[in-house]
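Reminder that position 25 of the sequence shown reads as 17 in the working numbering, one-by-one numbering, no gaps. The structure appears right after this line, and notes come after that.
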Amino acid sequence: MKPEEALVELLDRVGANQSAAVLVNDDELHQWPLEAVKALQSQRLIVRTRPASSAVCPGCEQACVMPVHTVPAENIAASFIVCDKRSDTNRVPVSPGRIIQWQCNADLVCGFIAAFLGLRRSDRQTANSDLWEIGMATGNKRSQMLCLQVNGELALVAGNSRIPLAEFIGFHDGIYSLDIALIQHLVDSAATPDNRYTPSTARIEIRKQNTKSMYENWQKTYRALKKRTPGMSDIWYSVKIEKMDIAQGRSADTIRKKMKQ
């Protein structure tokens, strides 16, 4: 798993959870790249929250979800599950990694975006509960209220324009970053400068179809380049596509994520 993939997976969970907090325990974080976890923590995309009150019991293959009991010990609190399913098992120790939890939610994501872009953070939702205001963003032509849409998929919205948040994500020098040029394009592409709210369903569908077509063009071009010039790295192919009109201003990092699907 690459650092970008770890954040995209986390964002997908927040979107699927309709902005409610998503919980990740230490055991899962240990399976992610260490540099990704450090960045998630330092950039406050995840924050420590209360320990889990229940966990999957590691005592046998049944993997029951059971309440966790914690008692003080000399150096560190000891946690365990009391098994009532088997006669040959009583207390089953639970490692701290299973109960130490971190959370991510829409508010933290908005905070990360505002901090990276240097925006004065707006702390309110719009009349539509799926849309969170982030702050006033400036393109080359106009300024718009930049919003986070949370409805099955996280997306950035400016006026009547919408692009999935995953398309903006990058990772450089140990920190997560956003494609600023693409955000400026999003702000400038809005046809209604004063519209801060949700795009119509028809416009969303048009945007989805346009994005799908763009990805398909990248994939077709990637296959053609690979056939014509085999043996090159994915970075080389994505940089080639970035210089073409079909890139539509997207970065090589974004292209590389989609060109092989």
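Built from N, CA and C at the ideal position, the CB exists for glycine as well.
Contact holds between the region -3 to 7 and the region 143 to 158, because three or more Cβ pairs, one in each stretch, are under 8 Å apart. Counting other Cβ atoms within 10 Å of its Cβ, Trp24 reaches 16 or more and is therefore classed as buried. Nearest neighbour of Ala70 by Cα position, chosen from Val84, Asp76 and Phe108, turns out to be Val84. For Ile172, the enclosing alpha helix (DSSP H) begins and ends at Ile172 to Ser181. The alpha-carbon separation between Ala8 and Asp99 amounts to approximately 15 Å. The shortest CA-to-CA distance from Asp171 to any of Ala106, Leu123, Met(-7) and Ser243 is the one to Ser243. Spanning the alpha carbons of Met224 and Pro59 requires a straight line of approximately 52 Å.
Counting C-beta pairs with one atom in each stretch, the region 130 to 144 and the region 199 to 213 have fewer than three that are closer than 8 Å, which means they do not touch.
Beta-bridge annotation (DSSP): Ala129 is paired with Gln136. Taking 8 Å as the upper bound for CB-CB distance, Thr213 and Ile233 are in contact here, some 6 Å apart.
Secondary structure of Thr213 (DSSP, three-state): helix. Contact between the region 24 to 43 and the region 161 to 179 is present, with at least three C-beta pairs closer than 8 Å. The beta-carbon separation of Ala129 and Gly151, rounded to 11 Å, does not stay under the 8 Å limit for a contact.
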